[in-house]
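A.B. asks: Before we start, here is the structure in question, set down as structure tokens.
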Amino acid sequence: MDPEAFLDVANQVIKLKMFPFFDIAHSLLAALAVREDLGANAQAFSRKHPLACWLSTMLVIFAGGMVANGLLGEPILAPLKNTGQLLVGTAVWYVVFYTPFDIGYKVAKFLPVKIVASAMKEIYRAKKVYDGVGHAAKLYPNAWIIMIIIGTLKGNGAGFTKLIERLIRGAWTPTAMEFMQPSFYTKASLLASIIFVLDKKTDWISAPHALVYFGIVIFLVYFKLSSILLGIHDPFLPLENLCCAIFFGGIWDSLAKILGRGQAKDGDSKDVKKNN
Amino acid sequence: MDPEAFLDVANQVIKLKMFPFFDIAHSLLAALAVREDLGANAQAFSRKHPLACWLSTMLVIFAGGMVANGLLGEPILAPLKNTGQLLVGTAVWYVVFYTPFDIGYKVAKFLPVKIVASAMKEIYRAKKVYDGVGHAAKLYPNAWIIMIIIGTLKGNGAGFTKLIERLIRGAWTPTAMEFMQPSFYTKASLLASIIFVLDKKTDWISAPHALVYFGIVIFLVYFKLSSILLGIHDPFLPLENLCCAIFFGGIWDSLAKILGRGQAKDGDSKDVKKNN
Amino acid sequence: MDPEAFLDVANQVIKLKMFPFFDIAHSLLAALAVREDLGANAQAFSRKHPLACWLSTMLVIFAGGMVANGLLGEPILAPLKNTGQLLVGTAVWYVVFYTPFDIGYKVAKFLPVKIVASAMKEIYRAKKVYDGVGHAAKLYPNAWIIMIIIGTLKGNGAGFTKLIERLIRGAWTPTAMEFMQPSFYTKASLLASIIFVLDKKTDWISAPHALVYFGIVIFLVYFKLSSILLGIHDPFLPLENLCCAIFFGGIWDSLAKILGRGQAKDGDSKDVKKNN
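Residue numbers (the numbering used here), protein chains in the order written: chain H, 730 to 1005; chain E, 730 to 1005; chain B, 730 to 1005.
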């Protein structure tokens, strides 16, 4: 492909308007996620508790903005002032849960629809991560960690509000904490945030800005599609295992075991327990 | 009644000073609610954990303002800067929990006292909803949903902080979520918020402003008293059932059942479960 | 000791630079607390969930600032902008959890190291309480209760975030609420806050400002060391029991029992239960 043309495409992607089509795709997947999280119970629940159902769907849709605002001391409700997004979200929620004969849900679950919506959502995710990093950089120009946290939260906010979202529906699952088993989306948003921060704050990345952005979009869409179509769920896993082995004790633990200190260590931890 | 005189009364109600008598009534009902929520355990708990007892009572008293501030990016602790209210609340808490021979509690439970306090609290509630809507309207002049949310939260804040309030006392009841089974107060505050927003932002309500306010006060007091005296707990219920039947799937579900698709639907939801 | 020299020492203590040595001590004790809270599970957990482990350690380290900011409407993430503290905290966390053969942990647990770190942490605590009270006083010059709350939270923030910290690690212990059984650190921070507020806002304390500060430092360090070395855990207990007996019903309850009303009271609380 001609590099010039490629850069042109990249420049177009960076300027894509999100409203309303990307918002529809995002809301659609959010409503589907809520419905599938409810499991076999979804039909009955949506009839009995429409308010809780609507609120938890809105929370999933606006999670990133709300959590980021909450952590940056800005109004948590501010994302709701975008009336257009709110109406789109409400309409999509209604279609997924309440259309006659469940037509809306069945259409949304139809594979081609899901693929298109997922691809659009990943493009939206890249934009959100990018905006999040930019916003945090304006507030704290030297605090890389805050930029990375906000970028990650904007990219996969719903992962971090899952506990609250379920709590709104009266379910409490404290072990389903995102930090314990970060999903692929969290890891990808984290990686994208780090790349955006490096691109913004250092000279290490020499590629034009639009290309970096486009590269992340392609990366996100590619892995999302391979997750749906090929069932590859976490391409980061090998890298992580390597990292854990080197930095987080894997090698040393093995060495300690080989040297016959494995038993001693078990003893140690028992001591700790007694001291408590 | 003479319309002129009626409007005069309405104008007086809108200018009523809340401090200190209405604050006393509000605090009294809050402390009673905490005490009754503790159940048979209340005496022992208040002796063993005065700090947790005081904190959870304060949370109930200031719930509306704190939650609304938290969601609007304002200081959560700000309501506490009102020293007068804080002292009144603390005094009432002390009287309800610690007076010799439990005199304070018995007086507070005495029906006429409870009726007067409840009526005063409803007048206070109307004012809080009104102030909440006005405050949100100043911040987000076009975001109706934010005005309605803040009005509702100010009107029945304690309902939404019940989980945190119990958590302070070491109890965790995730299924007691207000959104799942909104109480009459939440629904009434919601309705009042919507009416105030319509009155403020549209020309649909032609009645003078003071009359609208007075009407809501009467509505709230009337249903509170009929709830205490006659045991009518939720006049919204018939309306809700109608609404659910029309908009949230009731009719379509019945139709689907009649057409013999009820079984198919059950099958569907089982599939969803398997996919998870 | 010469009063002049004493005042000199006090003036030096008040100007002590905290970074980096006091931050190292504070982070070390925070990481140890996380590790001991994990119990026998710590080794395995830190290998499997490094992210959750790091996040919960950071939460413990920055708890005071984050909670205080959250309650004052300031950015919760702001404490993280202090890159130096963040790096120190991360390095200490790494040393405590991942050094080969667990050397870091063993050194940190070594009694003399722990004593020095604890003493330094108490000096740091005094400074945090002082800064917290000063910060709140700037925002709300007349709201004593807010100054006291913020001072206490800054002094023992980790106590109040314990629930969230454990939640990050996928554990939920709602009964471990700090308000139910305030630890010695909470009570000492509360007392220190009250003294600082009195010193700042009234003329009741005639001692020079530096001396008050130094007195609180000595008080905190002294009781910390006696807690480690002598096993005295809560010098406030006798005072509290006295206070409860006088103000929170102890005497009246005994009197009521003597007058044979104890049974009647039990009956009362059963009635309450029925009414619920």
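Ideal Cβ positions, reconstructed from N, Cα and C, are used throughout, including at glycine.
Spatial neighbours of A993(B) within its chain, please: CB distance less than 8 Å, with the 5 preceding and 5 following residues excluded, ordered by chain position.
C.D. replies: For this step, residue 993(B) is matched to residue 264 along the third sequence. Bear in mind that the predicted position of A993(B) carries a pLDDT of just 45, short of 50, making it unreliable; the figure below should be weighed with that in mind. Answer for A993(B): no residue qualifies.
A.B. asks: Between I875(H) and chain B, is any beta-carbon pair separated by less than 7 Å?
C.D. replies: As a position in the first sequence, residue 875(H) is number 146, starting the count at 1. Yes, I875(H) lies at the interface with chain B (some Cβ there is under 7 Å from its Cβ).
A.B. asks: Which whole-angstrom value is the C-beta distance of V789(H) and A887(H), which I expect to be below 8 Å?
C.D. replies: Locating residue 789(H) in the first sequence gives position 60, where the first residue counts as 1. Locating residue 887(H) in the first sequence gives position 158, where the first residue counts as 1. About 5 Å; that satisfies the 8 Å criterion.
A.B. asks: Grab me the residues of L761(B)'s own chain with a C-beta within less than 6 Å of its C-beta, minus the 5 sequence neighbours each way, in chain order.
C.D. replies: Mapped onto the third sequence, residue 761(B) falls at position 32. Closer than 6 Å at Cβ, skipping near neighbours: A837.
A.B. asks: Helix, strand or coil for S935(B)? Go by DSSP, reduced to three states.
C.D. replies: Sequence index remark: in the third sequence, residue 935(B) carries index 206 (1-based). DSSP places S935(B) in coil when its eight states are reduced to three.
A.B. asks: Using the beta-carbon of each residue, which ones in chain B are nearer than 9 Å to G799(H)?
C.D. replies: Your numbering for residue 799(H) matches position 70 in the first sequence. In chain order: G799, I805.
A.B. asks: For the region 808-828 of chain H, enumerate the residues whose C-beta is nearer than 9 Å to any C-beta of chain E, in chain order.
C.D. replies: Of all residues in the region 808-828 of chain H, L809, K810, N811, T812, L815, Y823, F826, Y827, T828 have a Cβ within less than 9 Å of some Cβ in chain E.
A.B. asks: For the region 967-978 of chain H against the region 893-912 of chain H, are there 3 or more C-beta pairs whose distance is under 8 Å?
C.D. replies: Touching, no, given that fewer than three Cβ pairs across the two stretches are closer than 8 Å.
A.B. asks: Give me the subset of the region 772-783 of chain E whose CB atoms are less than 8 Å from a CB atom of chain B, sorted by chain position.
C.D. replies: Flagged, chain order: Q772, S775, R776, H778, P779, L780, A781.
A.B. asks: Can you tell me the Cα-Cα spacing of M747(B) and W901(H), whole angstroms?
C.D. replies: Walking along the third sequence from the start, residue 747(B) turns up at place 18. Walking along the first sequence from the start, residue 901(H) turns up at place 172. Cα to Cα, M747(B) sits roughly 41 Å from W901(H).
A.B. asks: Three-state secondary structure (DSSP) at G888(B)?
C.D. replies: Locating residue 888(B) in the third sequence gives position 159, where the first residue counts as 1. G888(B): helix per DSSP, three-state reduction.
A.B. asks: Out of S918(E), V742(E), Q814(E), which has the shortest C-alpha to C-alpha gap to L757(E)?
C.D. replies: Reading the second sequence from its first residue, position 28 is the one you call residue 757(E). Selected option, being the one with the closest Cα: Q814(E).
A.B. asks: Under the assumption that K929(E) contacts A865(E) (Cβ atoms under 8 Å), give the Cβ distance between them as a whole number of angstroms.
C.D. replies: The sequence position of residue 929(E) within the second sequence is 200, counting from 1. The sequence position of residue 865(E) within the second sequence is 136, counting from 1. Going by Cβ atoms, the distance from K929(E) to A865(E) rounds to 10 Å, so no, they are not a contact pair.
A.B. asks: Return the Cβ separation of N739(H) and Y951(H) in integer angstroms, given the expectation that the two are a contact with Cβ distance under 8 Å.
C.D. replies: The residue given as residue 739(H) occupies position 10 in the first sequence. The residue given as residue 951(H) occupies position 222 in the first sequence. The amino acid occupying residue 739(H) in the given sequence is Ala; Asn does not appear at that position. Contact doesn't hold; Cβ gap of about 15 Å is too wide.
A.B. asks: Is the shortest distance between the beta-carbon of Y869(B) and the beta-carbons of chain E less than 7 Å?
C.D. replies: Locating residue 869(B) in the third sequence gives position 140, counting from the first residue. Closer than 7 Å: yes.
A.B. asks: Go ahead and pull the three-state DSSP assignment for Y853(E).
C.D. replies: By one-based count along the second sequence, residue 853(E) stands at place 124. Reduced to three states, the DSSP call for Y853(E) is helix.
A.B. asks: Could you compute how far the alpha carbon of F948(B) sits from the alpha carbon of T881(B)?
C.D. replies: Translated into the one-based positions of the third sequence, residue 948(B) becomes position 219. Translated into the one-based positions of the third sequence, residue 881(B) becomes position 152. In a straight line, the C-alpha of F948(B) is about 16 Å away from that of T881(B).
A.B. asks: Rounded to whole angstroms, what's the CA-CA distance from Y834(E) to G799(E)? Just pull it up for me.
C.D. replies: For this step, residue 834(E) is matched to residue 105 along the second sequence. For this step, residue 799(E) is matched to residue 70 along the second sequence. When rounded, the distance between both Cα atoms is 32 Å.
A.B. asks: Between the beta-carbon of F751(B) and the beta-carbon of Y853(B), is there less than 7 Å?
C.D. replies: Residue numbering aside, residue 751(B) sits at position 22 when the third sequence is read from its first letter. Residue numbering aside, residue 853(B) sits at position 124 when the third sequence is read from its first letter. Cβ atoms of F751(B) and Y853(B): closer than 7 Å.
A.B. asks: Grab the span of the alpha helix (DSSP H) containing F913(B) for me, first residue to last.
C.D. replies: Translated into the one-based positions of the third sequence, residue 913(B) becomes position 184. Looking at the DSSP string, the run of the alpha helix (DSSP H) that includes F913(B) is 913-930.
A.B. asks: Kindly give me the distance between the Cβ atoms of W797(E) and G861(E), rounded to whole angstroms, as I take these residues to be in contact under 8 Å.
C.D. replies: Within the second sequence, numbered from 1, the residue matching residue 797(E) stands at position 68. Within the second sequence, numbered from 1, the residue matching residue 861(E) stands at position 132. Checking the displayed sequence, the identity of residue 797(E) turns out to be Ala instead of Trp. Rounded, the Cβ-Cβ distance is 6 Å, consistent with contact.
A.B. asks: Hey, does M795(B) have any beta-carbon neighbour from chain E nearer than 7 Å?
C.D. replies: Translated into the one-based positions of the third sequence, residue 795(B) becomes position 66. False, the Cβ-Cβ gap to chain E never drops below 7 Å.
A.B. asks: In whole angstroms, what is the alpha-carbon distance linking N885(E) and Y869(E)?
C.D. replies: Counted from its first residue, the second sequence places residue 885(E) at position 156. Counted from its first residue, the second sequence places residue 869(E) at position 140. Going by the C-alpha atoms only, they are around 21 Å apart.
A.B. asks: Can you tell me which of L954(E), A974(E), Y859(E), W981(E) puts its alpha carbon nearest to the alpha carbon of I923(E)?
C.D. replies: Within the second sequence, the letter at position 194 stands for residue 923(E). Ranking L954(E), A974(E), Y859(E), W981(E) by Cα distance to I923(E) puts Y859(E) first.
A.B. asks: How about I897(E) and L806(E): are their beta carbons less than 7 Å apart?
C.D. replies: Position 168 of the second sequence, counting from 1, holds the residue named residue 897(E). Position 77 of the second sequence, counting from 1, holds the residue named residue 806(E). No, the Cβ-Cβ distance between I897(E) and L806(E) is not below 7 Å.
A.B. asks: What would DSSP say about E803(E), mapped onto helix, strand or coil?
C.D. replies: Counting from one through the second sequence, the residue named residue 803(E) turns up at place 74. Coil at E803(E), not helix or strand.
A.B. asks: Looking at the unbroken alpha helix (DSSP H) that takes in G979(H), where does it start and where does it end?
C.D. replies: Taking the first sequence and counting its residues from 1, the one referred to as residue 979(H) is at position 250. Looking at the DSSP string, the run of the alpha helix (DSSP H) that includes G979(H) is 979-987.
A.B. asks: At least one CB of chain H closer than 7 Å to the CB of F830(B): is that the case?
C.D. replies: On the third sequence, residue 830(B) is found 101 positions in, with the first residue counted as 1. At least one chain H Cβ lies under 7 Å of F830(B).
A.B. asks: Consider the Cβ of A887(B): report whether some Cβ of chain E lies at a distance smaller than 7 Å.
C.D. replies: Indexing the third sequence from 1 puts residue 887(B) at position 158. Chain E contact via Cβ: absent.
A.B. asks: Determine the DSSP secondary structure at I945(B), reduced to helix, strand or coil.
C.D. replies: Working through the third sequence from its first residue, we reach residue 945(B) at position 216. Three-state DSSP puts I945(B) in a helix.
A.B. asks: Compare the Cα-Cα distances from C782(E) to each of A848(E), R764(E), T904(E) and report the closest residue.
C.D. replies: Residue 782(E) sits at position 53 when you count from the first residue of the second sequence. Nearest option by C-alpha distance: R764(E).
A.B. asks: If you drop the 5 nearest sequence neighbours on each side, which residues of the same chain put their C-beta closer than 8 Å to that of F830(E)?
C.D. replies: By one-based count along the second sequence, residue 830(E) stands at place 101. So the list is empty, once near-sequence residues are dropped.
A.B. asks: Between the alpha carbons of F889(E) and K856(E), how many angstroms are there, rounded?
C.D. replies: Translated into the one-based positions of the second sequence, residue 889(E) becomes position 160. Translated into the one-based positions of the second sequence, residue 856(E) becomes position 127. When rounded, the distance between both Cα atoms is 19 Å.
A.B. asks: For T786(H), tell me which candidate among A974(H), H755(H), S847(H), P804(H) has the shortest Cα-Cα distance.
C.D. replies: The residue you call residue 786(H) lines up with position 57 of the first sequence. Selected option, being the one with the closest Cα: H755(H).
A.B. asks: Counting only Cβ-Cβ distances shorter than 8 Å, please list the residues of the region 887-911 of chain H near chain E, keeping chain order.
C.D. replies: Taking 8 Å as the Cβ-Cβ cut-off against chain E, the residues of the region 887-911 of chain H that qualify are L896, I897, R898, G899, A900, W901.
A.B. asks: When you compare the CB positions of F977(E) and P779(H), do they come within less than 7 Å of one another, or not?
C.D. replies: Along the second sequence, one-based indexing puts residue 977(E) at 248. Along the first sequence, one-based indexing puts residue 779(H) at 50. Yes, Cβ-Cβ distance for F977(E) and P779(H) is below 7 Å.
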